[in-house]
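A quick write-up on the structure given underneath.
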Amino acid sequence: MLSDIEIARNAKLKPIGDIARSLDISEDYIEYYGKYKAKISLELLKKLESKPNGKLILVTSINPTPAGEGKSTVTIGLGQALAKLHKKVVVALREPSLGPCMGLKGGATGGGYSQVVPMEDINLHFTGDIHAISSAHNLLSAMIDNHIHHGNKLHIDPCRILWKRALDLNDRALREIVVGLGGKRNGYPREDSFIITVASEIMAILCLAEDLADLKKRLGDIIVAYDTEGNPVTARDLKADGAMTALLKDAIKPNLVQTIEGVPAIIHGGPFANIAHGCNSLIATRMALKLGDYVVTEAGFGADLGAEKFLDIKCRMGGLKPDEIVVVATIRALKMHGGVKKGELSQENLDALHKGFDNLKRHVENMRKYRVPVTVAINAFAEDTPDEVELLTEMCKRIGVKAVFTDVWARGGEGGIQLAQEVLSVLENQESKYEPLYDLDLSIEEKIEKITKELYGGSGVLYTPEARREIKRITKMGMDKLPVCIAKTQYSFSDNPRLLGAPDGFEVTVREVYLSAGARFIVAIMGDIMLMPGLPEHPAAENIDVNENGEITGLF
396 MLSDIEIARN
406 AKLKPIGDIA
416 RSLDISEDYI
426 EYYGKYKAKI
436 SLELLKKLES
446 KPNGKLILVT
456 SINPTPAGEG
466 KSTVTIGLGQ
476 ALAKLHKKVV
486 VALREPSLGP
496 CMGLKGGATG
506 GGYSQVVPME
516 DINLHFTGDI
526 HAISSAHNLL
536 SAMIDNHIHH
546 GNKLHIDPCR
556 ILWKRALDLN
566 DRALREIVVG
576 LGGKRNGYPR
586 EDSFIITVAS
596 EIMAILCLAE
606 DLADLKKRLG
616 DIIVAYDTEG
626 NPVTARDLKA
636 DGAMTALLKD
646 AIKPNLVQTI
656 EGVPAIIHGG
666 PFANIAHGCN
676 SLIATRMALK
686 LGDYVVTEAG
696 FGADLGAEKF
706 LDIKCRMGGL
716 KPDEIVVVAT
726 IRALKMHGGV
736 KKGELSQENL
746 DALHKGFDNL
756 KRHVENMRKY
766 RVPVTVAINA
776 FAEDTPDEVE
786 LLTEMCKRIG
796 VKAVFTDVWA
806 RGGEGGIQLA
816 QEVLSVLENQ
826 ESKYEPLYDL
836 DLSIEEKIEK
846 ITKELYGGSG
856 VLYTPEARRE
866 IKRITKMGMD
876 KLPVCIAKTQ
886 YSFSDNPRLL
896 GAPDGFEVTV
906 REVYLSAGAR
916 FIVAIMGDIM
926 LMPGLPEHPA
936 AENIDVNENG
946 EITGLF
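Going by my numbering, the sequence shown opens with residue 396, and the numbers climb by one from there.
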């Protein structure tokens with residue numbers, strides 16, 4: 396069996412100019428990055444402003460497990476299947492981060508015969524967007540310490556600097572550090588830390604900005620510290636916003652690539668859904684909606700994280716209206732949620748499947764709370780037994796949703812035809828009446844509690860004294876009417892990664908709260924979630940290599 400990278404390498408790619416022309420994009424709006432990658436000028440979005448939007452299809456999933464769900468693969472496969480049905484479709488995805496590529500998760504370009512290509516480029520440096528975000532982030536970090544070193548005219552309190560440094564790799568040793576050692580010439584000694592770039596507020600800003608001017612405004616609004624009187628100090632106060640915008644002037648332009656079957660794919664922005672808002676850029680989604688009659692996009696991790704933030708943050712801010720939601724699951728993963736160990740998943744276990752189905756059921760019910768039609772996509776595996784297939788199909792039928800089995804990993808678009816037909820049928824016969832879960836006029840605590848009780852199944856929320864103090868400060872600043880972005884484990888509805896299935900009656904603990912004034916949301920960190928992940932015992936980087944012909948091997 397060929398590996399993902401071997402399948403991708405054997406694919407016959409079309410020149411990216413041909414992909415652009417298939418979307419009626421003229422050469423005037425394309426900036427080439429080699430033969431198979433390009434950036435799209437923001438001027439095109441202005442030109443297409445009056446054109447009606449296509450249909451927006453969101454792909455999400457159950458809580459992820461080590462058994463695998465294949466959300467990106469299904470997203471790409473569905474796009475290819477719609478194209479086979481002669482629909483003008485665009486796939487819109489996030490950019491992969493080097494952290495998981497070199498760590499535990501691997502790449503983020505789909506798999507098998509449902510991938511976006513060139514796979515190696517996209518998974519590694521791509522067009523340099525994430526590097527530009529790291530540079531802009533760390534420029535601001537440097538300007539903060541430089542300002543203090545040269546007299547501190549803004550009276551920044553060194554003990555209340557909020558802005559951390561960023562790196563697009565998993566490195567647990569950088570979670571807590573000390574900077575400024577080595578005497579007066581090296582700056583003011585203080586505690587500091589690194590976060591992974593995809594958790595940076597700049598990543599969130601890039602993905603929510605309307606245009607270049609809005610990007611600059613939002614960058615300037617970033618609160619980096621408080622002064623000795625307790626007043627916020629912004630990036631604009633440090634005169635850093637202009638230079639940061641200059642570093643991001645190309646990164647804000649969406650990237651155009653293709654799937655293995657030549658379907659156009661716009662890949663842009665990459666915030667993690669467990670520690671950020673988990674969606675590709677608003678600009679990219681709007682561009683796709685103007686270029687295609689159907690747009691298939693995804694939100695990171697399970698529906699309790701990525702989809703919730705897509706629906707409560709991105710759609711609300713961007714004025715988007717999703718037309719349908721597809722929830723992805725596998726029989727293997729549902730059995731794991733039902734208590735089966737990873738090594739025993741190939742064995743039939745109807746009891747575990749029945750128990751694990753509660754996880755899928757809750758996600759489907761949650762998505763319906765947004766008043767958007769829902770379809771279930773089951774990513775099929777060879778070891779799925781006929782009795783398991785029949786049971787899962789029947790359980791989905793009982794809750795009023797159709798489960799469609801797909802085989803897009805092995806068969807590409809052809810393996811997703813049935814799913815595509817069901818998606819089209821739902822779009823034709825059911826109307827989306829999308830509305831967010833909560834009202835922005837609620838207090839910060841009320842918003843967090845509503846998500847916890849209505850989506851997670853929890854009974855209540857506990858707050859550390861530090862979190863309560865920050866909520867009080869944000870409210871006093873008049874910034875409490877923003878949406879909330881919850882950072883928590885992706886593996887469970889709760890803040891405990893070991894609590895699988897569909898637990899209820901639990902309490903979650905909000906450890907930290909902070910204001911992302913530029914992104915215009917409030918972050919609530921639950922449990923032990925880390926903003927700088929670590930590498931596993933055997934990271935994927937151990938298997939990645941380059942042969943004598945310059946071809947990358949071991950990437951998946």
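Where is the CB? At the ideal position from N, CA and C, for every residue including glycine.
Given that a residue counts as buried once 16 or more other Cβ atoms are within 10 Å of its Cβ, and exposed if not, what is residue i?
i, result
"Ala599", "buried"
"Lys611", "buried"
"Lys704", "buried"
"Glu656", "buried"
"Met921", "buried"
"Asn669", "buried"
"Gly494", "buried"
"Asn541", "exposed"
"Glu438", "exposed"
"Pro666", "buried"
"Leu952", "The first residue shown for the chain is 396 and the last is 951, placing residue 952 beyond what the model contains."
"Val941", "exposed"
"Ala777", "exposed"
"Pro447", "exposed"
"Ala604", "buried"
State the CB to CB distance for the pair residue i and residue j, rounded to an integer number of angstroms; the pair is presumed to be in contact (CB under 8 angstroms).
i, j, result
"Ala388", "Cys496", "Nothing in the structure corresponds to residue 388, since the chain is present only between 396 and 951."
"Phe916", "Ile708", "6 angstroms"
"Gly615", "Asp636", "4 angstroms"
"Gln510", "Ala403", "5 angstroms"
"Tyr749", "Leu786", "Note that residue 749 corresponds to His in the displayed sequence, not to Tyr. Going by Cβ atoms, the distance from His749 to Leu786 rounds to 7 angstroms, so yes, they are a contact pair."
"Asp587", "Val573", "7 angstroms"
"Val953", "Val722", "With the chain running from 396 to 951 in the structure shown, residue 953 is simply not present."
"Ala815", "Leu477", "5 angstroms"
"Gln885", "Leu700", "6 angstroms"
"Arg570", "Met927", "5 angstroms"
"Gly449", "Val690", "5 angstroms"
"Ile435", "Leu651", "6 angstroms"
Quick one: Cα of residue i to Cα of residue j, how far?
i, j, result
"Cys674", "Arg580", "42 angstroms"
"Pro659", "Asn944", "29 angstroms"
"Thr654", "Ile812", "16 angstroms"
"Gly713", "Gly506", "30 angstroms"
"Thr592", "Ala561", "5 angstroms"
"Glu693", "Thr455", "6 angstroms"
"Glu719", "Ala698", "14 angstroms"
"Tyr583", "Ser536", "13 angstroms"
"Pro491", "Asp524", "11 angstroms"
"Leu677", "His532", "20 angstroms"
"Asp899", "Phe888", "9 angstroms"
"Ile517", "Lys648", "15 angstroms"
"Ser827", "Cys710", "13 angstroms"
"Ala487", "Met538", "35 angstroms"
"Lys430", "His526", "21 angstroms"
"Arg757", "Ala897", "7 angstroms"
"Glu596", "His520", "20 angstroms"
"Pro717", "Thr680", "11 angstroms"
"Leu643", "Lys482", "34 angstroms"
"Tyr765", "His544", "50 angstroms"
"Arg631", "Ile617", "8 angstroms"
Specify the secondary structure class of residue i as computed by DSSP and reduced to three states.
i, result
"Ser838", "coil"
"Ala561", "strand"
"Gly474", "helix"
"Glu656", "coil"
"Gln616", "For the record, residue 616 in the displayed sequence is Asp; it is not Gln. Looking at Asp616 - three-state DSSP - the assignment turns out to be helix."
"Lys634", "coil"
"Tyr427", "strand"
"Thr629", "strand"
"Arg555", "strand"
"Ala433", "strand"
"Glu438", "helix"
"Asp899", "coil"
"Leu651", "strand"
"Ala919", "strand"
Is it the case that the CB of residue i approaches a heavy atom of the ligand FMN more closely than 6 angstroms?
i, result
"Met921", "What this structure holds is no ligand at all, so the ligand FMN is not there to describe."
Report yes or no: is there a C-beta of chain D within less than 7 angstroms of the C-beta of residue i?
i, result
"Ala702", "Protein chains in the displayed structure number just one, and chain D is not present."
Practice problem: Entirely within the region 687–772 and at least 4 residues each: give me those alpha helix (DSSP H) ranges in chain order. | Solution: Taking 4 residues as the shortest admissible run, the region 687–772 contains the following complete alpha helix (DSSP H) segments, listed from N- to C-terminal end: 710–713, 726–732 and 745–763.
Quiz prompt | Unbroken stretches of the beta strand (DSSP E), 3 residues or longer, contained in the region 778–811 | solution = Listed in chain order, they are 798–801.
Quiz item: At what residue ranges does the region 443–524 contain a whole run of the alpha helix (DSSP H), taking only runs of 4 or more?
Solution: Listed in chain order, they are 466–479, 493–497 and 514–518.
Quiz item: Enumerated in chain order, which unbroken segments of the alpha helix (DSSP H) with a length of 4 residues or greater are wholly contained in the region 582–617?
Solution: You should have 596–603 and 607–616.
Practice problem: Jot down the residue ranges of each uninterrupted alpha helix (DSSP H) in the region 825–883, minimum 4 residues, whole runs only, in chain order. | Solution: Within the region 825–883, the complete alpha helix (DSSP H) segments at least 4 residues long are 839–846 and 860–871, listed from N- to C-terminus.
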